[in-house]
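Protein chains in written order, with the working numbering: chain A, 143 to 340; chain B, 143 to 340. Quick reminder that beta carbons are idealized off the backbone N, C-alpha and C, glycines included. Since the structure is predicted, the reported quantities are computational estimates derived from the model, not experimental observations.
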């Protein structure tokens with residue numbers, strides 16, 4: 143029998159708590175499939191779980207290469223290593239891109255809330271020149287103005303990651319578990335746990 | 143004009159030096175393409191540069207999933223974040239698997255040297271049960287014996303990663319550079335540098 147509550151979520155929350163005094167404990171590596179078919183891998187920031195779910199939120203600029211990649215292939219794998227507690231989570235799943243074109247009321251609201259949660263400095267980055275393009279020596283003469291009360295700018299994207307498989311490794315206790323999501327007859331997402339070799 | 147010496151290599155060596163008091167500074171995330179076509183991502187240990195080159199060495203167990211993945215698709219991307227100096231290296235390239243079947247004399251020697259460089263404890267792991275397979279409660283009654291002078295066991299693999307593109311980001315100095323390898327008319331590998339937007 144599977145479990146409706148993701149058993150790896152409590153392990154992850156514990157790891158976040160015990161490594162929480164390091165800012166970098168919220169940094170994880172996100173792998174996607176590049177548009178050239180090669181793997182693509184970068185560091186992103188964990189922005190929390192969607193309330194009452196095991197879905198993970200990440201914010202990004204719509205002009206980043208990963209958006210095009212995810213539109214071609216929505217599958218991703220997170221590798222998250224906690225340096226202090228020596229724990230690794232490999233989380234595989236499907237990524238949804240919630241961008242300015244989103245018309246779903248719930249997601250529209252989530253994106254607006256995400257935007258209000260970030261700092262004014264972070265917001266300004268979404269108004270800067272296109273990430274990854276050649277850097278021009280001549281930059282705009284003055285800083286763009288951003289009303290602190292206005293909603294998300296067009297380049298602001300919320301990524302919603304829906305895991306279906308997790309590989310948990312604890313290097314200290316020499317323990318490794320595999321968690322797999324299955325769908326019940328009632329359509330509910332259930333998690334099965336299996337201990338695997340290191 | 144490109145440079146024959148990889149300009150990102152000195153940046154990487156500096157990052158390793160300034161983060162060297164953390165054991166985890168040698169941990170990096172390696173993304174490959176899974177046999178199901180989805181991205182695959184895990185933490186591995188940097189074992190150094192091949193002498194006089196910009197090729198990176200990694201050791202692994204031949205029974206690991208990444209070996210099958212790399213035999214299907216040899217491309218990989220490393221994401222390496224240095225927590226102390228706030229630097230990120232994304233290194234894209236091609237991975238060569240040097241396993242027990244290798245007949246090339248130079249690579250045969252490199253694999254043997256790699257095996258002698260690791261600790262007795264690390265060596266024993268290559269004799270353990272298959273990584274990632276279900277864990278059986280009953281383990282072998284006694285530890286397998288390993289002669290400290292003998293050559294590498296069959297499951298020991300040397301991975302040689304040959305980079306062709308590097309994206310370097312320094313979060314502190316707000317600097318980002320792209321390095322691309324090109325081949326000269328003489329067949330030499332040359333590196334071109336371009337500053338890109340954050």
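(request) For chain A, find out if any of its Cβ atoms is closer than 8 Å to the Cβ of residue 262/B; answer yes or no. (result) Put simply, the CB of residue 262/B is far from chain A, with every gap to its CB atoms at 8 Å or more.
(request) Within the same chain, show all residues whose beta-carbon is closer than 8 Å to that of residue 339/A, passing over the 5 residues directly before and after it, in chain order. (result) Within the same chain, residue 339/A has close Cβ partners 318.
(request) Check the Cβ of residue 223/B against every Cβ in chain A and list those closer than 7 Å, keeping chain order. (result) For residue 223/B, the neighbours in chain A by C-beta distance under 7 Å run, in chain order, 169, 185.
(request) Taking C-beta pairs closer than 9 Å, name the residues in chain A that residue 174/B reaches, listed in chain order. (result) By Cβ distance, chain A contributes 173, 181.
(request) Helix, strand or coil for residue 212/A, going by three-state DSSP, please let me know. (result) DSSP places residue 212/A in the helix class (H, G or I) of the three-state scheme.
(request) Would you kindly work out how many angstroms separate the C-alpha atoms of residue 332/B and residue 151/B, rounded to a whole number? (result) Whole-angstrom Cα-Cα distance: 13 Å.
(request) Could you pull out every residue in the same chain whose Cβ sits closer than 8 Å to the Cβ of residue 290/A, ignoring the five residues on either side in sequence? (result) The residues 262, in chain order, have a CB closer than 8 Å to that of residue 290/A in the same chain once the five nearest residues on each side in sequence are set aside.
(message) By the 8 Å beta-carbon criterion, what residues does the region 234 to 248 of chain B contribute toward chain A?
(response) Contact annotation: in the region 234 to 248 of chain B, residues whose CB is within less than 8 Å of a CB in chain A are 234.
(request) Decide if residue 231/B is buried, meaning its Cβ has at least 16 other Cβ atoms within 10 Å, or exposed. (result) Within a 10 Å sphere around the beta-carbon of residue 231/B sit 16 or more other beta-carbons, which makes this residue buried.
(request) Report all residues from its chain with a CB closer than 6 Å to the CB of residue 322/B; omit the five preceding and five following residues, and keep chain order. (result) Within the same chain, Cβ atoms closer than 6 Å to the Cβ of residue 322/B are found at 307, 334, the five residues on either side in sequence being excluded.
(message) So if DSSP puts residue 199/B in a beta bridge, which residue, or which two residues, is it bridged to?
(response) In DSSP, residue 199/B forms a bridge with 302/B.
(message) Can you tell me which residues form a DSSP beta bridge with residue 147/A?
(response) In the DSSP output, where bridge partners are listed per residue, residue 147/A has none listed.
(message) Against chain A, with Cβ distances strictly below 8 Å, would residue 343/B count as a contact?
(response) This structure gives no information on residue 343/B, because the portion of chain B shown stretches from 143 to 340.
(message) What are the residues in the region 271 to 282 of chain B lying within 8 Å of chain A by C-beta distance?
(response) Listed in sequence order: 271, 272, 273, 274, 275, 276, 277.
(request) Compile a chain-ordered list of the residues in the region 311 to 330 of chain B whose CB is closer than 7 Å to at least one CB of chain A. (result) Look at the region 311 to 330 of chain B: it has no residue with a C-beta under 7 Å from a C-beta of chain A.
(message) If I measure Cβ to Cβ from residue 169/A and keep anything under 7 Å in the same chain, skipping five residues before and after, which residues do I get?
(response) Answer for residue 169/A: 185, 187, listed in chain order.
(message) I want to see whether chain B comes within less than 8 Å of residue 338/A, judged by CB atoms only; does it?
(response) Taking 8 Å as the threshold, the shortest C-beta distance from residue 338/A to chain B falls below it.
(request) Find the residues of chain B that neighbour residue 220/A, judging by a C-beta separation of less than 8 Å, and give them in chain order. (result) Those are 183, listed as they occur along chain B.
(request) Pair every Cβ in the region 207 to 215 of chain B with every Cβ in the region 199 to 214 of chain A, then say whether three or more of these pairs are closer than 8 Å. (result) Taking 8 Å as the limit for Cβ pairs, the verdict is that the region 199 to 214 of chain A does not touch the region 207 to 215 of chain B.
(request) Name, in chain order, the residues that DSSP records as bridge partners for residue 310/B. (result) Checking the DSSP bridge columns, you'll see residue 310/B partnered with 231/B, 319/B.
(message) Give me, in chain order, the residues of the same chain whose beta-carbon lies closer than 6 Å to that of residue 414/B; leave out the 5 immediate sequence neighbours on both sides.
(response) An answer regarding residue 414/B cannot be provided, because it is not within the stretch 143 to 340 covered by chain B.
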